[in-house]
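> Using the working numbering, the final residue of the sequence shown is 1326, and nothing's skipped along the way.
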Amino acid sequence: MARGEALSEDRAADIERRLDAGEWLRPGDVGVLFGRTRYAVDDWMNAGKLRFRRSPGGHREAHPEDVRRLLDEQRQVHGGTADD
1243 MARGEALSED
1253 RAADIERRLD
1263 AGEWLRPGDV
1273 GVLFGRTRYA
1283 VDDWMNAGKL
1293 RFRRSPGGHR
1303 EAHPEDVRRL
1313 LDEQRQVHGG
1323 TADD
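(1) Given this structure, state the Cα-to-Cα distance separating Gly1270 from Thr1279, to the nearest angstrom.
(2) Do Leu1275 and Leu1249 have their beta-carbon atoms positioned less than 8 Å apart in this structure?
(3) Out of curiosity, what's the CA-to-CA distance linking Gln1318 and Arg1253?
(4) Which of helix, strand or coil does DSSP assign to Asp1326?
(5) I need the straight-line Cα distance from Leu1292 to Val1309, nearest angstrom please.
Below is the structure:
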């Protein structure tokens, strides 16, 4: 395994631990879990696939229940990256 792949897996594992703790996630973090860009996650939010709130600084944060639901669906159905 290449060093970059190991770092990416470590980052994804850290993000998933935060998700399991109920933390609301920024689009870039959600994108890491799904192998997508933060812009794709913004599209999911705009389409209503993910509920979100605004942080005090005005940044979007995805609802952890919605992220978990989509992640579980991806793992059951696709076994890879999420489809739009």
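The beta-carbon is built from N, C-alpha and C at its ideal position, and this holds for glycine as well.
Walking through what the data contain:
(1) 7 Å
(2) no
(3) 22 Å
(4) With a pLDDT of only 46 at Asp1326, under the threshold of 50, the placement of this residue in the model should not be trusted; the figure read from the coordinates follows. Asp1326: coil per DSSP, three-state reduction.
(5) 7 Å
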